[in-house]
Amino acid sequence: MARLKQLIREDPQGWETAWKENITPWDYGQSQPPLSEVLLTSGIPIHKDGRALVPGSGNGYDAITISKILGIEALAVDISATAVGSARRFMKSAGDDAARVSVKEVDFFTFEVDDEDRFSLMYDYTFFVALPKHRRIEWGSQATKLVRPGGYLITLVWPLVDPANPNPPGPPNPALPEHYAEVLGEAWEKVFDKVPETSQETHLGQERIVVWRRIL
């Protein structure tokens with residue numbers, strides 16, 4: 001993780017370099033358990049006629065989980081060409097589970113879609129917290145542009161800010177749910193917030209699953 005943080009600070013192509021050097025400590029080999037938990041138990045009425053977006057998608061595990069559970073199309077995007085290539089290989093190995101998942105090399109911050117093609121769901125895990133803090137406001141604006149009114153944003157907030165631990169195990173900029181709220185603004189309302197019951201062992205006590213609905 002220390003090498004990853006160094007790359008992100010010092011290398012303009014840090015994410016691509018990390019993937020090329022196989023420095024991917026966030027990669028769990030599957031989606032984080034709280035994602036399945038919230039999709040299966042929260043009761044949130046996510047539009048089944050829409051599609052999902054997963055930025056900073058890496059190998060695409062989350063896109064597959066969303067598509068499989070909800071039965072909708074999912075788009076996994078990443079700025080790293082190496083990550084995209086790895087994800088496409090993983091999609092082939094996943095067979096029918098990935099039938100409704102597509103993968104693109106995309107810069108989330110310049111990604112544009114027509115109004116009628118906006119997403120009914122976006123999922124963020126480690127993307128927000130990996131950003132330099134000054135770019136968080138851009139993240140909020142882009143989420144509002146890409147998710148349609150009435151759509152949802154699921155955020156797995158990890159690692160949480162912990163004053164007792166100045167060097168957390170995860171990405172470089174820990175967060176709290178209110179940090180997301182600050183940059184999402186009045187266009188969104190929080191509709192779900194809990195400590196997951198199914199965290200992986202290394203995440204226990206360090207994450208929250210929070211869902212937002214776009215209201216404007």
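If you use this note's numbering, the sequence shown corresponds to residues 1 to 216, in order.
A virtual CB, placed ideally from N, CA and C, is assigned to each residue, including glycine.
- Within the stretch 35–99, the complete beta strand (DSSP E) segments of 3 residues or longer fall at 51–55, 73–78, listed in chain order.
- Counting the other Cβ atoms within 10 Å of the Cβ of Arg9 gives fewer than 16, which makes it exposed.
- In the displayed model, Ser31 falls within coil according to three-state DSSP, outside both helix and strand.
- Rounded to whole angstroms, the Cβ separation of Arg214 and Trp188 is 6 Å, and the two are in contact under 8 Å.
- Taking C-beta atoms as the reference points, Phe119 and Gly85 fail to come closer than 8 Å.
- By the Cβ test, the stretch 129–138 is not in contact with the stretch 91–99, since fewer than three Cβ pairs between them sit closer than 8 Å.
- In the three-state scheme derived from DSSP, where H, G and I count as helix and E and B as strand, Val129 is classed as helix.
- Under the Cβ criterion (8 Å, minimum of three pairs), the stretch 27–35 counts as touching the stretch 63–80.
- Sequence-distant Cβ neighbours of Asp124 in its own chain, meaning closer than 6 Å and more than five residues away, are Thr155.
- Classified as buried, Ala76 has 16 or more neighbouring CB atoms from the shown chains inside 10 Å of its CB.
- Under the DSSP assignment, Gly150 falls in the beta strand (DSSP E) whose first and last residues are 147–157.
- DSSP places Leu7 within a helical segment (H, G or I) once states are collapsed to three.
- Residue pairing by DSSP puts Ile209 in a beta bridge opposite Leu156, Lys194.
- Trp26 sits in coil when the DSSP states are folded into three classes, being neither helix nor strand.
- In this structure, DSSP gives Val183 a helical state, which the three-state scheme calls helix.
- With at least 16 other beta carbons inside 10 angstroms of its own, Val157 counts as buried.
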